Amino acid sequence: MQIALYEPEIPPNTGTIARLCAATTTRLNLIEPLGFSLEDRYLKRAGLDYWPHVDKRVWPSWAAFLQGRDAGRLVFTSARQGTAYHRFAFEPGDILVLGPETRGLPPEVLQDAQHLVRMPIWGQVRSVNLANAAAVLLYEAYRQTGELDRREDAPQ
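Residue numbering for the sequence shown is 35 to 190, as defined by the working numbering.
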């Protein structure tokens, strides 16, 4: 399993997701342009001292990511369209692709999406916070694929 953040904009969200990735040994792909510097103090504060433990790759563009990424299905996310995440069948090796906080994934990225998931929203909000969405989706994917049981049963 991997997470890919397409042009993330808000440093604390990326820092929180980096911490999630460190906690679960999940690769984090950051696709430029980023809305901040990787040296940003808010980014580091959110990630605390976990940054050295994050398996991260920074890609100069969407095209570079597509060309150089690891094998695995791209599972795109949307606030309003796609299969509800709890009804989607995740597979080992999936790459969860989340878009920028203020606008989501653009149509040119979603146009070829074979796998699109959403988090059901029934309240009066535009979307769920990016870091919260990443955590919910990642843990659901690990639950469905049996990874949570394997990790929980492994010696610490």
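For glycine and all other residues, C-beta sits at the position ideal for the given N, C-alpha and C. Computed from a predicted model, the values in this text were never measured in an experiment.
Euclidean distance between Cα positions of residue i and residue j
i      : j      : result
THR48  : PRO154 : 22 Å
GLU41  : ASN63  : 10 Å
ARG107 : TYR84  : 27 Å
VAL143 : VAL109 : 12 Å
PHE70  : GLY116 : 29 Å
ALA118 : PRO67  : 29 Å
MET35  : PRO46  : 22 Å
Residue i: first and last residue of the uninterrupted alpha helix (DSSP H) it sits in
i      : result
TYR176 : 164 to 178
PRO46  : 45 to 58
According to DSSP, residues forming a beta bridge with residue i
i      : result
LEU191 : This structure does not reach residue 191, given that the chain is present from 35 up to 190, and the question cannot be answered.
VAL207 : The chain is shown from 35 up to 190; residue 207 falls before or after that span and cannot be answered.
Residue i in three-state terms, based on DSSP
i      : result
ILE37  : strand
ARG160 : coil
ASP187 : helix
GLU142 : helix
Residue i beta carbon near the ligand GDP (any heavy atom closer than 6 Å)
i      : result
ARG107 : In the structure on display, the ligand GDP does not appear, and there are no ligands present to speak of.
*asked:* In chain order, what are the residue ranges of uninterrupted alpha helix (DSSP H) at least 4 long that sit wholly in the region 60 to 135?
replied: Here the runs fully enclosed are 75 to 81 and 96 to 102.
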